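The sequence shown begins at 90 in my numbering and counts up by one. Don't be surprised by glycine CBs; every beta carbon is placed ideally from N, CA and C. Owing to the predicted nature of the structure, the values given are computational and were not obtained by experimental measurement. For reference, the structure discussed in these notes is given below.
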Amino acid sequence: MPLKIAIASDHGGYELKEKIKLHLNKRNIEFSDFGTESINSVNYPDYAHIVCEAINKDGYKLGILVCGTGIGMSIAANKHKGIRAACCSDTYSSRLSRMHNDANVLCLGGRVVGDALANDIVDQFLNNEFEGGRHADRISMYPDTDR
Ligand code: RB5
């Protein structure tokens, strides 16, 4: 079954989101883009909310959120039940966020990472799986977890 990926950004992440979409298309990875559609100013929590709802209610497995730093998106996303959002600026963290933390949302800073690095971070996020075991026990200790 193909991965269902939900992607969104605010204005600060719009340009990087568009680059990531090209990268996903090249890799034949299916995604839905939930906006924003331009560099006009919007509020990032609205877009974090849409992607988290797509995961929690509409069967999307993973999300990618891009804002200026990735920080606002990750804070907003992590307020949603069942969401484990990881703000990553390097490939190692991105890989481990899947393997150890079972992160289901990757947050990126469009003003922090360049396009090529961002694409590698995305690849590490999508190419790795949760290892379970002791990591699952730890995740079950998160407050308000859905696991
Ligand atoms: C918008 O200017 C900026 O604050 C936002 O993109 C993000 O970086 C917030 O964390």
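Beta-carbon proximity list for residue i, same chain, < 6 Å, skipping 5 on both sides
i, result
"Leu113", "Phe120"
"Asp204", "Lys108"
"Gly102", "Val155, Cys156, Gly199"
Residue i classed as buried or exposed, judged by whether at least 16 other C-beta atoms fall within 10 angstroms
i, result
"Ala225", "exposed"
"Leu161", "Position check: residue 161 holds Gly in this sequence, whereas Leu was assumed. It is buried - the Cβ of Gly161 has at least 16 other Cβ atoms within 10 Å."
"Leu154", "buried"
"Ser130", "exposed"
"Asp99", "buried"
"Asn117", "exposed"
"Leu105", "buried"
"Gly222", "exposed"
Rounded distance between the beta-carbons of residue j and residue i, thought under 8 Å
i, j, result
"Lys150", "Lys108", "The pair is not a contact, with the Cβ atoms about 22 Å apart (cut-off 8 Å)."
"Ala175", "Leu195", "6 Å"
"Ile144", "Phe123", "Wrong, their Cβ atoms sit about 11 Å apart, outside the cutoff."
"Tyr136", "Ala97", "4 Å"
"Asp233", "Lys146", "Asp233 to Lys146, Cβ: 17 Å. No contact."
"Ile128", "Asn190", "Going by Cβ atoms, the distance from Ile128 to Asn190 rounds to 31 Å, so no, they are not a contact pair."
Residue i: CB within 7 Å of a non-hydrogen atom of ligand 1
i, result
"Gly124", "no"
"Gly180", "Per the sequence shown, residue 180 should be read as Thr rather than Gly. For ligand 1, not one heavy atom lies less than 7 Å from the Cβ of Thr180."
"Ile153", "no"
"Cys156", "yes"
"Asp135", "no"
"Ile160", "yes"
"Asp99", "yes"
"Gly148", "no"
"Gly203", "no"
"Gly222", "no"
"Gly102", "yes"
Cβ neighbours of residue i in the same chain (closer than 8 Å, five flanking residues each side left out)
i, result
"Gly148", "Lys93"
"Cys177", "Gly159, Ser183, Ser186, Leu195, Cys196, Leu197, Ile210, Phe214"
"Ala165", "Tyr133, Pro134, Ala137, His138"
Beta-carbon proximity list for residue i, same chain, < 7 Å, skipping 5 on both sides
i, result
"Arg187", "Phe214, Asn217, Glu218, Phe219"
"Val201", "Thr158, Gly159, Ser178"
"Tyr231", "none"
"Ile172", "Cys141, Ile144, Ala166, Asn193, Val194"
"Glu126", "none"
(request) Counting only runs of 4+ residues fully inside the region 150 to 193, write out the alpha helix (DSSP H) ranges in chain order. (result) 160 to 167, 180 to 188
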